[in-house]
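Below is one structure; the comments refer to it alone.
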Amino acid sequence: MLTTKKPTANSFANTKPGASEAESWSLEDHWPTLLSGLADQVTEGASALQNTIDLLLSKGRISKAEHRALSIPTDRIKLSGISAQQINRFHGGRIRQSHEKVDMSALVEGVLQERKKDFALLGIQLRRKLKRVDVLVDPTVAHTFVNAVLDWGLPFGNRIDVRMDINAWPQHARLQVRVSNDGVPPSSSASADSLSWMLVRQIALASGGVEIDRQITDEGVNFTALFSRTVQAVDGISAVDLSDGHSSMFKSLSGVYVLTISPTLQIRADVRDALREIGIISDSVVDFRQAREAIVSRMPNLIVVDAEIKDHEFDQFRRELLREVFEFPFVEISPDDSSFDMSGFGEFSMAKVGRGNIREALGTAVMFELAKMM
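In structure tokens:
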């Protein structure tokens, strides 16, 4: 005859003497174990499913197109499991970090090369501008971080711009990732607070010295990470002597091309003459329709725009331009004759030069904006 053994207090790890199982056990205490178990099952199941799909392709049971169609959702499932595993490990402090001097531009380029086939498969257009910046960071953690940023952003669009450089102030290494959708609806998997974003945040928190920021718009997403443990900050814009007519800055202006947009003939003429004095060639148009046509023929390095036409049409024109280039400098011609203001370092910041101050100040403003782009 079968008998059932009654559980004792020692049968449950968290059971206190005299307490029932319901009173001693709580999901809150066990959620890390639960998350880990679910993540492992998801990852193992997705890997097994992918192996089966690969086997069907090798035996000719499915076509390459069908294999690709099945592999994409399988990869997403596997990514979810891996992200959950990594979040749990970072949160639990089970990731040992060995901070080394890492060239972040090389690391980011390596990640982009590893994902080159994936980008092609998904129809992603990639552009990057990577400058060498050394950061004290764990290489494996940094690699995971960059991948997580890409995993978070890619569902929001079909064009990705990646930039690695030095922030103006504070002089920290800066990673920028912008994903644009060109008016195409984002993927159904796009989520502002996806598992990939949770992983990005957890890595930034666990690594220390990483400050992150994001903006989400109808046109896509923008992400920025600043690394305070930058090994050696390079000289900033202050190193450019804008008042020295023989500075090295002038020697680098020979290939610069500027487009001026203004309905006023006198402004167009004054801008042309001021730019000619510092060796910059330029063209001018009267409105944004002509500007679009001019850009098709030749992309300028900088645009001078009349404040008189800075309205909603200008905003649309600028958004269109920023889809083509990661950053783009503008200088505004202000109706205040004597005004002269340098721009800040935000994406939409703009220098201003007064109409009566064009010959004296425009050259300096243009050189400052171009120096920021170097």
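With my numbering as the guide, the letters of the sequence shown map in order to residues 1 to 374. Using N, Cα and C, we set each Cβ at its ideal position, and we do this for glycine too.
Roughly how many angstroms separate the alpha carbons of proline 263 and tyrosine 257, rounded to a whole number?
-> 20 Å
Where the beta strand (DSSP E) containing phenylalanine 328 begins and where it ends = Premise fails: phenylalanine 328 is in no beta strand (DSSP E) and is neither H nor E.
Best match in Gly153, Ser228 and Gly45 for proximity to valine 215 [C-alpha to C-alpha] = Checking the sequence shown, residue 215 turns out to be glutamine, not valine. Per the Cα distances, Gly153.
Secondary structure at serine 105, three-state DSSP: helix, strand or coil?
-> helix
Inter-residue Cα distance where the pair is glutamine 113 and phenylalanine 119 | 10 Å
Ignoring anything shorter than 4 residues or poking outside the stretch 162-220, list the alpha helix (DSSP H) runs there in chain order.
-> 195-207
Around the Cβ of leucine 366, are there at least 16 other Cβ atoms within 10 angstroms (buried) or fewer (exposed)?
-> The residue asked about is misnamed: residue 366 is valine in this sequence, not leucine. The residue is buried, with at least 16 neighbouring Cβ atoms inside 10 Å.
Taking buried to mean at least 16 other C-beta atoms within 10 Å of its own C-beta, is glycine 354 buried or exposed?
-> buried
Close beta carbons around isoleucine 203, own chain, < 7 Å, minus the five adjacent residues each side = Phe90, Val141, Thr144, Phe145 and Ala148
Helix, strand or coil at asparagine 147 according to DSSP, with G and I counted as helix | helix
Note down, one range per segment and in chain order, each beta strand (DSSP E) of at least 3 residues found wholly within the stretch 263-333.
-> 281-285 and 302-306
Just to confirm, are valine 210 and phenylalanine 223 a CB contact at a threshold of 9 Å?
-> no
Go through its chain and collect everything with a Cβ distance to glycine 346's Cβ below 6 Å, but skip five positions before and after it.
-> Its pLDDT being 49, under 50, glycine 346 is placed unreliably in this model, and the value from its coordinates should be taken loosely. If we look at glycine 346 and ignore the five residues flanking it on each side, it has no Cβ neighbours.
Between the Cα of valine 304 and the Cα atoms of Asp311, Ile261, Arg319 and Arg323, which residue gives the shortest distance?
-> Ile261
With DSSP run on the structure shown, which of helix, strand or coil describes aspartate 54?
-> helix
Please list, in chain order, all residues of the same chain as leucine 56 whose beta carbon is under 8 Å from its beta carbon, the five residues on each side excluded.
-> Ile62 and His67
Could you tell me which of Val162, Ser194, Ala65 and Ala48 sits nearest to phenylalanine 326, measuring between CA atoms?
-> Val162
DSSP state of lysine 372 mapped onto helix, strand, coil | helix
Output yes or no for whether 9 Å exceeds the beta carbon distance between alanine 307 and lysine 372.
-> no
So the alpha helix (DSSP H) lysine 116 belongs to, where does it begin and stop?
-> 116-122
Please name the residue or residues paired with lysine 352 in a DSSP beta bridge.
-> Glu332 and Asp341
In three-state DSSP terms, what is isoleucine 358?
-> helix
Leucine 362 and valine 231 look like a contact to me (Cβ under 8 Å); what is the Cβ gap, rounded to whole Å?
-> Not really, about 37 Å apart at Cβ, beyond 8 Å.
To the nearest whole angstrom, what separates the beta carbons of arginine 115 and leucine 150, a pair I think is in contact under 8 Å?
-> 7 Å
For serine 224, write down the residues that DSSP places opposite it in a beta bridge.
-> This sequence places threonine at residue 224; serine is not what is there. Bridge partners of threonine 224: Gln176 and Asp213.
Tell me, which residues are paired with threonine 260 by DSSP?
-> Ser284 and Val304
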